[in-house]
Ligand SMILES: [Zn+2]
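Numbering (my numbering), first residue to last: -18 to 208.
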């Protein structure tokens, strides 16, 4: 039993966390709800429309197949879910998708700053104009990544991506288990480079403060120019 089943929640609640309740089937309407976490609730099928909702996390709720259009949603996290489609939230800034086998595409978000995708069949990440952080873990269908003019951090694990574009603002680059990446561009603002895998040459990055090279047998040269 959760706080909703026990009727311990008042209508003006702004933040609600519901964990491990198998009794609850329908969530009540809360006009002022801003933050909602639902973890391991196997009988909830739908989530109501909450006009003020800003943050939503859904983990391991197998019956939730759809999420409403929340006009003020800024952060969305979906983990172990059968949701098929994510609406195009106009204010969304952070999106995390882990283990969602039915999500194959993600919309164009005009304000997205941070995107993290793990174990996902998504094929393509749209070209988000405001994206600053991108994390890709074990997404075997993503072959190319776009040009993001504001990208500051890029982290890629176990990916078939072949090439990393030049990102003018990039400060942090982390690459692990990417067999196809053989070159890393000359990033003038790069401060941290963590592993290069199959790269053969790395550049002399003028602003680099932290460099980690681990199991990169092909690196033989550090280039002292921008070519
Ligand atoms: Zn309950």
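Think of the CB as a built atom: it goes at the ideal place given N, C-alpha and C, for glycine as much as any other residue.
If you're wondering where the values come from, they're calculated on a predicted model, not measured in any experiment.
Cα-Cα separation, residue i to residue j
{"i": "residue 171", "j": "residue 39", "result": "35 Å"}
{"i": "residue 115", "j": "residue 96", "result": "5 Å"}
{"i": "residue 186", "j": "residue 118", "result": "25 Å"}
{"i": "residue 48", "j": "residue 123", "result": "25 Å"}
{"i": "residue 190", "j": "residue 132", "result": "18 Å"}
{"i": "residue 85", "j": "residue 178", "result": "28 Å"}
{"i": "residue 21", "j": "residue 150", "result": "39 Å"}
{"i": "residue 139", "j": "residue 7", "result": "39 Å"}
{"i": "residue 103", "j": "residue 183", "result": "30 Å"}
{"i": "residue 142", "j": "residue 162", "result": "7 Å"}
{"i": "residue 68", "j": "residue 201", "result": "47 Å"}
{"i": "residue 35", "j": "residue -2", "result": "14 Å"}
{"i": "residue 53", "j": "residue 194", "result": "42 Å"}
{"i": "residue 279", "j": "residue 112", "result": "The structure shown does not extend to residue 279, since the chain is modelled only from -18 through 208, so no value can be given for it."}
{"i": "residue 215", "j": "residue 144", "result": "Nothing can be reported for residue 215: it is not among the residues displayed for the chain, which extend from -18 to 208."}
{"i": "residue 17", "j": "residue -4", "result": "6 Å"}
Any non-hydrogen atom of ligand 1 closer than 6 Å to residue i Cβ
{"i": "residue 222", "result": "Lying before the first or after the last residue shown, residue 222 is absent from the chain, which here runs from -18 to 208."}
{"i": "residue -6", "result": "no"}
{"i": "residue 69", "result": "no"}
{"i": "residue 5", "result": "yes"}
{"i": "residue 216", "result": "Nothing can be reported for residue 216: it is not among the residues displayed for the chain, which extend from -18 to 208."}
{"i": "residue -17", "result": "yes"}
{"i": "residue 108", "result": "no"}
{"i": "residue -14", "result": "yes"}
Cβ-based burial, residue i [other Cβ within 10 Å; buried from 16]
{"i": "residue 203", "result": "exposed"}
{"i": "residue 50", "result": "exposed"}
{"i": "residue -14", "result": "exposed"}
{"i": "residue 208", "result": "Annotation note: pLDDT 48 at residue 208 (below 50); position unreliable, coordinate value reported separately. Flag for residue 208 reads exposed."}
{"i": "residue 0", "result": "exposed"}
{"i": "residue 108", "result": "exposed"}
{"i": "residue 91", "result": "exposed"}
{"i": "residue 129", "result": "buried"}
Short CB-CB distance (under 7 Å) between residue i and chain B
{"i": "residue 179", "result": "The structure shown contains no chain B; it is built from a single protein chain."}
inquiry  = Which runs of the beta strand (DSSP E) at least 3 residues long sit entirely within the stretch 93 to 128? Give them in chain order.
reply    = 95 to 99 and 114 to 118
key: Ordered list of beta strand (DSSP E) runs contained in the stretch 19 to 82, each at least 3 residues   = 36 to 40, 56 to 60 and 75 to 79
ask   = Going along the chain, which unbroken runs of the beta strand (DSSP E) with 3 or more residues stay wholly within the stretch 119 to 192?
value = 134 to 138, 153 to 157, 173 to 175 and 182 to 184
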